[in-house]
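Participant: Numbered according to UniProt numbering, the sequence shown spans residues 1 to 190. No residue lacks a Cβ here, since even glycine has one placed at the ideal position from N, Cα and C. Since this is a predicted model, take the numbers as computed values, not measurements.
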Amino acid sequence: MSALNLDDFVDLIERPDGGIRRDAEERRERLALPPGALGRLDELGEWLAAAQQRVPVKPVEQPRVVLFAGDHGVSDLGVSARPARSTHRLVRAVLDGESPAAILAARLGTPVRVVDMALDCDPEDLPKRSPATGYAARPAGSTSRTRSPWTRPSGPSAPGWPSPTRRRTPVRTSSSSATSASAAPPPRPR
1 MSALNLDDFV
11 DLIERPDGGI
21 RRDAEERRER
31 LALPPGALGR
41 LDELGEWLAA
51 AQQRVPVKPV
61 EQPRVVLFAG
71 DHGVSDLGVS
81 ARPARSTHRL
91 VRAVLDGESP
101 AAILAARLGT
111 PVRVVDMALD
121 CDPEDLPKRS
131 PATGYAARPA
141 GSTSRTRSPW
151 TRPSGPSAPG
161 WPSPTRRRTP
171 VRTSSSSATS
181 ASAAPPPRPR
């Protein structure tokens with residue numbers, strides 16, 4: 001099996017139009033706002049104009065907030081601005097609806113989704129069900145092989161969110177310690 005070189009795909013990915021980005025920047029400069037008044041929103045607006053290939057931008061009709069959260073082992077070396085294994089506190093603020101992003105999303109009626117990318121915490125450190133997202137917390141090592149760690153309560157899924165998809169879960173075989181890229185779901189009890 002040969003290695004996949006992602007650099008081979010660079011030319012296949014369409015880049016946002018730099019000319020339109022400059023047009024958006026010039027339009028913003030004509031507004032009665034001092035430079036930098038919008039902070040990073042200036043840059044985001046220019047990127048959105050380039051991606052949409054239009055100035056002014058078309059409003060985003062169904063925005064979503066997705067937080068990919070995880071702890072990294074390098075934080076044990078003291079090189080991070082935050083202490084090791086503290087990411088769950090930030091996630092908890094989002095799930096409790098107390099973070100700036102969660103508050104803004106709630107005011108706009110925008111769904112918030114948290115994706116567990118290896119949080120290093122006790123599952124008891126997170127709420128059983130989040131009032132901000134409506135999702136139930138399940139530790140990454142749960143026995144379900146077909147749902148993400150943050151699953152929707154029973155009933156219809158949130159508008160615009162796809163159903164949970166199969167996770168790529170390592171499976172130990174009885175004859176070796178090899179892993180499989182996809183695992184069959186466990187049999188259903190009768």
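1. Put R82 into one of helix, strand or coil per three-state DSSP.
2. Using a Cβ-Cβ cutoff of less than 8 Å, which residues in the same chain neighbour A50 once the five nearest sequence positions on both sides are dropped?
3. Leaving aside the five residues before and after V94 along the sequence, list all residues of the same chain whose C-beta is less than 7 Å from its C-beta, in chain order.
4. So, is G45 buried or exposed, given that buried needs 16 or more other C-beta atoms within 10 angstroms?
5. H88 and C121 look like a contact to me (Cβ under 8 Å); what is the Cβ gap, rounded to whole Å?
6. What is the DSSP secondary structure of R40, counted as helix, strand or coil?
7. If I measure Cβ to Cβ from P159 and keep anything under 7 Å in the same chain, skipping five residues before and after, which residues do I get?
8. So the alpha helix (DSSP H) P105 belongs to, where does it begin and stop?
9. May I ask you to report which of helix, strand or coil DSSP gives A32?
10. Looking at the secondary structure, which residues open and close the beta strand (DSSP E) in which H69 lies?
11. Do L119 and G70 have their beta-carbon atoms positioned less than 8 Å apart in this structure?
12. Can you list, in chain order, the residues of its chain with a C-beta nearer than 8 Å to that of R40? Leave out the 5 residues immediately preceding and following it.
13. Please classify L48: is it buried, with 16 or more other beta-carbons within 10 angstroms of its beta-carbon, or exposed?
14. Taking C-alpha atoms, which residue in E61, L33, Q52, R27 lies nearest to G109?
15. Which residues in the same chain as D7 place their Cβ atom closer than 6 Å to its Cβ, once the five residues preceding and following it in sequence are excluded?
16. In chain order, what residues of the same chain lie with their CB nearer than 6 Å to the CB of S142, ignoring the 5 residues before and after it?
Facilitator: Concretely, from the data shown:
1. As a working mapping, residue 82 is identified with position 82 in the sequence shown. Note: R82 maps to coil in three-state DSSP.
2. If you number the sequence shown from 1, residue 50 lands on position 50. The residues are P16, D17, G18, I20, R21, A24.
3. Mapped onto the sequence shown, residue 94 falls at position 94. Within the same chain, V94 has close Cβ partners L67, A101, A102, V112, V114, A132.
4. Numbered from 1 along the sequence shown, position 45 holds the residue referred to as residue 45. Per the 10 Å Cβ criterion, buried.
5. Within the sequence shown, the letter at position 88 stands for residue 88. Within the sequence shown, the letter at position 121 stands for residue 121. Sure, about 4 Å apart at Cβ, within 8 Å.
6. Locating residue 40 in the sequence shown gives position 40, where the first residue counts as 1. Residue state, collapsed to three classes: helix.
7. Indexing the sequence shown from 1 puts residue 159 at position 159. The predicted position of P159 is uncertain, since its pLDDT is 42 and thus under 50; a value taken from the coordinates is nonetheless stated next. Cβ contact annotation for P159 (same chain, cutoff 7 Å, sequence separation greater than five): none.
8. Counting from 1 along the sequence shown, the entry for residue 105 is found at position 105. A small fix is needed here, since residue 105 is Ala in this sequence, not Pro. Its alpha helix (DSSP H) spans residues 100 to 108.
9. Taking the first residue of the sequence shown as 1, we reach residue 32 at position 32. The answer is coil: DSSP assigns A32 none of H, G, I, E or B.
10. By one-based count along the sequence shown, residue 69 stands at place 69. One detail in the question is off: residue 69 reads as Ala in this sequence, not His. Boundaries of the beta strand (DSSP E) around A69: 65 to 69.
11. Counting from 1 along the sequence shown, the entry for residue 70 is found at position 70. Counting from 1 along the sequence shown, the entry for residue 119 is found at position 119. A contact, by the Cβ cut-off of 8 Å.
12. Locating residue 40 in the sequence shown gives position 40, where the first residue counts as 1. Within the same chain, no Cβ atom closer than 8 Å to the Cβ of R40 is found once the five residues on either side in sequence are excluded.
13. For this step, residue 48 is matched to residue 48 along the sequence shown. Buried: at least 16 other Cβ atoms inside 10 Å.
14. In the sequence shown, the residue the question calls residue 109 occupies position 109. Per the C-alpha coordinates, the member of E61, L33, Q52, R27 positioned closest to G109 is E61.
15. The residue given as residue 7 occupies position 7 in the sequence shown. Correct list: empty, nothing qualifies.
16. For this step, residue 142 is matched to residue 142 along the sequence shown. Below a pLDDT of 50, predicted positions are generally treated as unreliable, and S142, at 42, falls in that range; no measurement from the model is reported.
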